[in-house]
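Visitor: Okay, handing you the structure first.
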Amino acid sequence: MASTSRNEKKVSGANNYIPESIVFPILSKLPVKSLKRFSCVSKSWTHLFENPVFINMFRKNLVSNSHSLYNDDDDDVYFVLHQYVNSFRWDFYVLCGDKFEHKLKMDLPSSFHIRVIRILGSAMNGVFCIYDCDNHTMAALWNPATEEVKVIPPGSAEFQGHFTTEIVLHGFGYDHVTDDYKLIQHVSYITFTESSDDIHGLFWEIYSLKSNSWKKFNFDIPVRDWITGSDVYLNGECHWWGKVNNESYLVSFNLCKEAFLITPSPIENVQDGDVDLVVLYGHVAMISNRNKTSFQISILGEFGVKESWIKLFDVEPLSGIEQPIGTVMKGKIFFRKKDGELAYIDLITGLIQEIGIEGGKSWCQMVIYKKNLRRFRAINM
Amino acid sequence: MAQEASSSTSSKTISLKTGDGEIFEIEASAAKQMKTVQRLIDDLGDDITIPLHNVFSKELPKIIEYYKKDITGEITKDFEAEFVKDLNDDEVKVLFLAANYLDANKLFEFLSQNIADRLESKSVEYVRKYFGVENDFTPEEESKLREERAWSFRGIKEDE
Numbered sequence: 010m011a012s013t014s015r016n017e018k019k020v021s022g023a024n025n026y027i028p029e030s031i032v033f034p035i036l037s038k039l040p041v042k043s044l045k046r047f048s049c050v051s052k053s054w055t056h057l058f059e060n061p062v063f064i065n066m067f068r069k070n071l072v073s074n075s076h077s078l079y080n081d082d083d084d085d086v087y088f089v090l091h092q093y094v095n096s097f098r099w100d101f102y103v104l105c106g107d108k109f110e111h112k113l114k115m116d117l118p119s120s121f122h123i124r125v126i127r128i129l130g131s132a133m134n135g136v137f138c139i140y141d142c143d144n145h146t147m148a149a150l151w152n153p154a155t156e157e158v159k160v161i162p163p164g165s166a167e168f169q170g171h172f173t174t175e176i177v178l179h180g181f182g183y184d185h186v187t188d189d190y191k192l193i194q195h196v197s198y199i200t201f202t203e204s205s206d207d208i209h210g211l212f213w214e215i216y217s218l219k220s221n222s223w224k225k226f227n228f229d230i231p232v233r234d235w236i237t238g239s240d241v242y243l244n245g246e247c248h249w250w251g252k253v254n255n256e257s258y259l260v261s262f263n264l265c266k267e268a269f270l271i272t273p274s275p276i277e278n279v280q281d282g283d284v285d286l287v288v289l290y291g292h293v294a295m296i297s298n299r300n301k302t303s304f305q306i307s308i309l310g311e312f313g314v315k316e317s318w319i320k321l322f323d324v325e326p327l328s329g330i331e332q333p334i335g336t337v338m339k340g341k342i343f344f345r346k347k348d349g350e351l352a353y354i355d356l357i358t359g360l361i362q363e364i365g366i367e368g369g370k371s372w373c374q375m376v377i378y379k380k381n382l383r384r385f386r387a388i389n390m
Numbered sequence: 291m292a293q294e295a296s297s298s299t300s301s302k303t304i305s306l307k308t309g310d311g312e313i314f315e316i317e318a319s320a321a322k323q324m325k326t327v328q329r330l331i332d333d334l335g336d337d338i339t340i341p342l343h344n345v346f347s348k349e350l351p352k353i354i355e356y357y358k359k360d361i362t363g364e365i366t367k368d369f370e371a372e373f374v375k376d377l378n379d380d381e382v383k384v385l386f387l388a389a390n391y392l393d394a395n396k397l398f399e400f401l402s403q404n405i406a407d408r409l410e411s412k413s414v415e416y417v418r419k420y421f422g423v424e425n426d427f428t429p430e431e432e433s434k435l436r437e438e439r440a441w442s443f444r445g446i447k448e449d450e
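As they're listed, the protein sequences go chains A and B. Residue numbers for the first sequence, in our numbering: 10 to 390. Residue numbers for the second sequence, in our numbering: 291 to 450.
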């Protein structure tokens, strides 16, 4: 802290200039919207977010003010690793221990016969949505603690000989207003001709566990740009990275209101798979990697506003990091390294720690899971 | 206030003299939380009255009140809310600057958060005045910037 040696006379209030070293501790506690407005205060204030001293303080305050969904001391919160073993086996493991060194295999319900399994989003109140990554037609909700499995019934998609039906699940989340679990998926019919792929019959549908049925919508939402791209859930909304007319957007779908908002990408020319989404300190954040050598982590300050993306971190290119499998808890983001080893970066210390487990290329997922003994089927009417 | 006869520092009180000549007493353990005061004690000894040129009789009692609660571990969210409830923005600022001068970290952090909360929905003009920052934009530059940041002005009452 600097001392106000400048002020010889009595501090009388608003008319005395206050040095930056004292102003920064105040400003770094403000939300992005206020800070962007105050960039109009003076020229030096316009460049606040480019000032490393300021960004450092801003980051520290984000960490201490973030109200985590899970407490750090919560014993029932784990990381679950989903991993490719061979073409016929995908295993789930719970990771425990301070350095996640203990791996406990989770048994999949025996009724589940999906070959290419993937987890959609993250575990919601201890419930996973797992689906067949091959064609997205088979999906189920699974609570490992209560051993409940609910196979999701098919939606309105039609399957006919003269076109290919493509179904893509986009999000899994919890509607806290109606105490309901929901899924959102996109359906399209593609006719392959010699000259082009003719896409028609597009629609979106939302599944509600409470009604155990799908409802069709004609939204004009950008679809996922990358089938195995990440999607996250935050505060009643599902978020994914979408593309339309070659422009990339963060799509935010509100499960309660059943409405959506798009935020343009802060970077141009996003290639497939360049962007991963995570939830960081209560904000939606993107991990972008150009050329797979260096990563940038940015949080979104205000939905819908392109210039409210704030870059928080640059991850060293020399760290050997290849692919984020992006789950964050306690400021740790998980990655797969070039040599196949899984590791996490501690965003507070900047240190990289291997966890002694190898991850399969492309199919490795890590999600946060909290055991929940409440039966989700109990909410079925 | 009489000084304790015991030689243990925890029950000893220190005399502080404000910039406008008033004297206040503070427990030695509370004084420890204000690094500037502690440094002066280390230099000058704890038996003489410590001069604080940049802190005045309006602020010091409030600061002493805060640290009195701190050393007994009684600072709660309710206490902090009550502590700033009747202070206007300028009064909080003066207290904040005093906490900075005294190098009283806990109070400094608490007040900086409180000021941030107060400024969150304020106008650009208000913040300029508050921090004594000069507007070095030309009118054209400023209106262009405001237009670019129009989204951040939504719902905010602008002065003048």
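All C-beta atoms in this analysis are idealised placements derived from N, C-alpha and C, irrespective of residue type, glycine included.
Is B/Asp379 closer than 7 Å to B/Arg408 when the C-beta atoms are compared?
Guide: Yes.
Visitor: Would you list, in sequence order, the uninterrupted beta strand (DSSP E) runs of no fewer than 3 residues that lie entirely inside the segment 328-377 of chain B?
Guide: Whole beta strand (DSSP E) segments, 3+ residues: zero.
Visitor: Identify whether A/Cys247 lies in helix, strand or coil by the three-state DSSP scheme.
Guide: In the structure shown, A/Cys247 sits in a strand (DSSP, three-state: E or B).
Visitor: Could you name the residues that DSSP lists as bridge partners for A/Ser197?
Guide: The partner list for A/Ser197 (beta bridge, DSSP) reads A/Glu175.
Visitor: Comparing alpha-carbon positions, which option in A/Met115, A/Ser37 and A/Tyr216 lies nearest A/Ser73?
Guide: With distances taken between Cα atoms, A/Ser73 lies closest to A/Ser37.
Visitor: Which residue from B/Glu448, B/Gly445 and B/Arg439 puts its Cα closest to that of A/Leu44?
Guide: Considering only alpha carbons, the answer is B/Arg439.
Visitor: Mind listing the chain B neighbours of A/Glu311? Cutoff is C-beta to C-beta under 9 Å, in chain order.
Guide: Result: Trp441 and Ser442.
Visitor: Would you please state the rounded distance, in angstroms, between the beta carbons of B/Gln323 and B/Ala389? I believe it to be under 8 Å.
Guide: Incorrect: roughly 10 Å between the Cβ atoms, too far for contact.
Visitor: Determine, using beta-carbon pairs with one atom in the segment 332-344 of chain B and one in the segment 356-366 of chain B, whether at least three such pairs fall under 8 Å.
Guide: No, they do not touch.
Visitor: Using a Cβ-Cβ cut-off of 7 Å (strictly less than) and excluding sequence neighbours within five positions of B/Ser413, which residues of its own chain qualify?
Guide: Excluding positions up to five away in sequence, the list reads Ile446, Lys447, Glu448 and Asp449.
Visitor: What residue does the beta strand (DSSP E) around A/Trp318 start on, and which one ends it?
Guide: Counting along the chain, the beta strand (DSSP E) containing A/Trp318 begins and ends at Trp318 to Val324.
Visitor: Quick one: what does DSSP say A/Met133 is sitting in, helix, strand or coil?
Guide: In the structure shown, A/Met133 sits in a strand (DSSP, three-state: E or B).
Visitor: Quickly, what does DSSP pair A/Asp206 with across the bridge? List them, please.
Guide: A/Phe201, per the DSSP bridge assignment.
Visitor: Helix, strand or coil: how does DSSP classify A/Ser297 here?
Guide: Strand.
Visitor: Taking DSSP as the reference, what is the three-state secondary structure of A/Ala352?
Guide: Strand, per DSSP.
Visitor: Should the segment 310-318 of chain B be called in touch with the segment 165-175 of chain A, which here means at least 3 C-beta pairs below 8 Å?
Guide: These segments do not touch.
Visitor: Run the CB neighbour count on A/Asn389, radius 10 Å, all protein chains shown included, and call it buried at 16 or more, exposed below.
Guide: Unreliable placement is indicated for A/Asn389, whose pLDDT of 46 sits below 50; the coordinate value is still reported in the next sentence. With fewer than 16 Cβ atoms within 10 Å of its Cβ, A/Asn389 is classed as exposed.
Visitor: Bridge partners of A/Leu286, per DSSP?
Guide: Answer is A/Met295.
Visitor: Going straight from the alpha carbon of B/Lys434 to that of B/Leu377, what length do you get?
Guide: Those two C-alpha atoms are separated by around 36 Å.
Visitor: Are the CB atoms of A/Lys346 and A/Phe329 within a distance shorter than 7 Å?
Guide: With the sequence shown as reference, residue 329 of chain A is identified as Gly, and Phe is not the correct amino acid for it. Yes, they are a contact pair.
Visitor: Using a Cβ cut-off of 7 Å, pull out every chain B residue sitting near A/Lys45, in sequence order please.
Guide: Near A/Lys45 (Cβ distances below 7 Å), the residues of chain B are Arg439 and Ser442.
Visitor: Put A/Pro61 into one of helix, strand or coil per three-state DSSP.
Guide: A/Pro61 falls in the helix class under three-state DSSP.
Visitor: In terms of residue numbering, what span does the beta strand (DSSP E) encompassing A/Trp99 cover?
Guide: From DSSP, the beta strand (DSSP E) with A/Trp99 extends over Arg98 to Cys105.
Visitor: Taking 8 Å as the threshold, find out whether the segment 313-328 of chain A comes into contact with the segment 270-281 of chain A through three or more Cβ pairs.
Guide: Touching, per the Cβ criterion.
Visitor: Report the residues of the segment 410-429 of chain B with a CB closer than 7 Å to any CB of chain A, ordered along the chain.
Guide: Listed in sequence order: Glu410, Val414, Val417, Arg418, Lys419, Tyr420, Phe421, Gly422, Val423, Glu424, Asn425, Asp426 and Phe427.
Visitor: Pick helix, strand or coil for B/Ser296, following the three-state DSSP scheme.
Guide: Reliability of the predicted coordinates at B/Ser296 is poor, the pLDDT of 44 falling under 50, and the value obtained from them is presented with this limitation in mind. B/Ser296: coil per DSSP, three-state reduction.
Visitor: Pull out every residue of the segment 316-328 of chain B whose Cβ sits closer than 8 Å to any Cβ of chain A, in chain order.
Guide: The residues in question are Thr326.
Visitor: Closest to A/Phe172 by C-alpha separation, out of A/Val196, A/Tyr140 and A/Lys191, would be which residue?
Guide: Among A/Val196, A/Tyr140 and A/Lys191, the Cα nearest to that of A/Phe172 belongs to A/Val196.
Visitor: Which residue wins for smallest C-alpha separation from A/Arg233, given the options A/Lys225, A/Asp285 and A/Ser217?
Guide: Of A/Lys225, A/Asp285 and A/Ser217, the residue nearest in Cα terms is A/Asp285.
Visitor: Assuming A/Val260 and A/Pro231 make a contact with CB atoms under 8 Å, what is their CB distance in whole Å?
Guide: Going by Cβ atoms, the distance from A/Val260 to A/Pro231 rounds to 5 Å, so yes, they are a contact pair.
Visitor: For B/Arg408 and chain A, any beta-carbon pair shorter than 7 Å?
Guide: Judged by the 7 Å Cβ criterion, B/Arg408 is not in contact with chain A.
Visitor: So if I threshold CB-CB distances at 9 Å, which residues from the segment 252-283 of chain A count as touching chain B?
Guide: So the list is empty, because no residue satisfies the distance condition.
Visitor: Which first and last residues belong to the beta strand (DSSP E) in which A/Lys341 is found?
Guide: Unbroken beta strand (DSSP E) run through A/Lys341: Lys341 to Lys346.
Visitor: As a quick exercise: from A/Asp229, A/Val41, A/Leu39 and A/Ala132, pick the residue whose alpha carbon is nearest that of A/Glu214.
Guide: It is A/Asp229 whose Cα lies nearest to the Cα of A/Glu214.
Visitor: Terminal residues of the continuous alpha helix (DSSP H) containing A/Leu36?
Guide: Start and end: Glu29 to Leu36.
Visitor: Note down, in chain order, every chain B residue with its Cβ under 7 Å from the Cβ of A/Lys42.
Guide: Those within 7 Å of A/Lys42 in chain B are Ser442.
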